[in-house]
Structure formats: structure tokens, C-alpha cells
Amino acid sequence: MVLEVALIEVSPGREDEFAAAYAKGRPVLAGTPGCRSVRMTRGIESPQRFVLLVEWDSVQAHEQNFRATERFATWRSLIGPYFAAPPVVEHFQDVPA
Numbered sequence: 001m002v003l004e005v006a007l008i009e010v011s012p013g014r015e016d017e018f019a020a021a022y023a024k025g026r027p028v029l030a031g032t033p034g035c036r037s038v039r040m041t042r043g044i045e046s047p048q049r050f051v052l053l054v055e056w057d058s059v060q061a062h063e064q065n066f067r068a069t070e071r072f073a074t075w076r077s078l079i080g081p082y083f084a085a086p087p088v089v090e091h092f093q094d095v096p097a
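For the sequence shown, the UniProt record's numbering gives the first residue as 1, with consecutive numbering after it.
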């Protein structure tokens, strides 16, 4: 399992619009083959900051099944207009205990 973490900065005053766009686009992302779970969080101290957490079967599942498809274009067209800056996206793996 791989965790995609996307740090998203939304234009001030557009946070609620962004949240509504996310709700509309979430099924597009969540329905992607290889996607295990999707969760969006919002900053308390900085409400214009959001963190998207997506569990994927692999980095390849993210890149080939989502990023390289029309699903990504649809997703980005919904949420992209609210970005104050391009999101910072990285993949992470669990550390064995």
C-alpha cells in the first residue's frame, strides 16, 4: 500500500467552494482501480490549507490508473480553479515497527 499526500493551498475566501468541488469530484477519484481510500482534511489554524490522503495499491496504480487518464482531467477541472498554488504531492510507505 502507498499513501499519496497532497498539500493543497486554496485561494482565500474560496474554501467552501473548494470543499463542494471536492465532494463532487471525490467519486471520480475513489472509483479509480487501485484506489483503496480517499480522505480530505482541512486546517483548523489555517482553514485555507487542505490535505488530501489517498491510499493506493501502488504508485503505478496512482500514475497509470488515474494521473494518465481522463479521470485526472475531470478531477483537476473541478478542484483546480480553487488552488492558490500548485499542490505538493508525494507518496509514502509505512515504516515497519
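Cβ atoms here follow ideal geometry from the backbone N, Cα and C, with glycine treated the same way.
ARG76 sits away from LEU53, with the two beta carbons spaced by 8 Å or more.
Pairing VAL88 with LEU7 gives a Cβ-Cβ distance under 8 Å. PHE92: not part of any alpha helix (DSSP H); member of the beta strand (DSSP E) spanning 88-92, first to last residue. By a beta-carbon distance limit of 8 Å, GLY34 contacts SER58. Their separation comes to about 7 Å. The distance from the Cβ of ARG36 to that of GLU55 is about 4 Å, consistent with a contact at the 8 Å cut-off. The three-state reading of DSSP puts GLU15 in helix, counting H, G and I together. In terms of CA proximity to ALA73, GLY25 leads the group VAL95, GLY25, VAL10, ALA97. DSSP places ARG49 in the uninterrupted beta strand (DSSP E) bounded by 49-56. Contact annotation, TYR82 with GLU17: C-beta distance approximately 6 Å; criterion of less than 8 Å satisfied.
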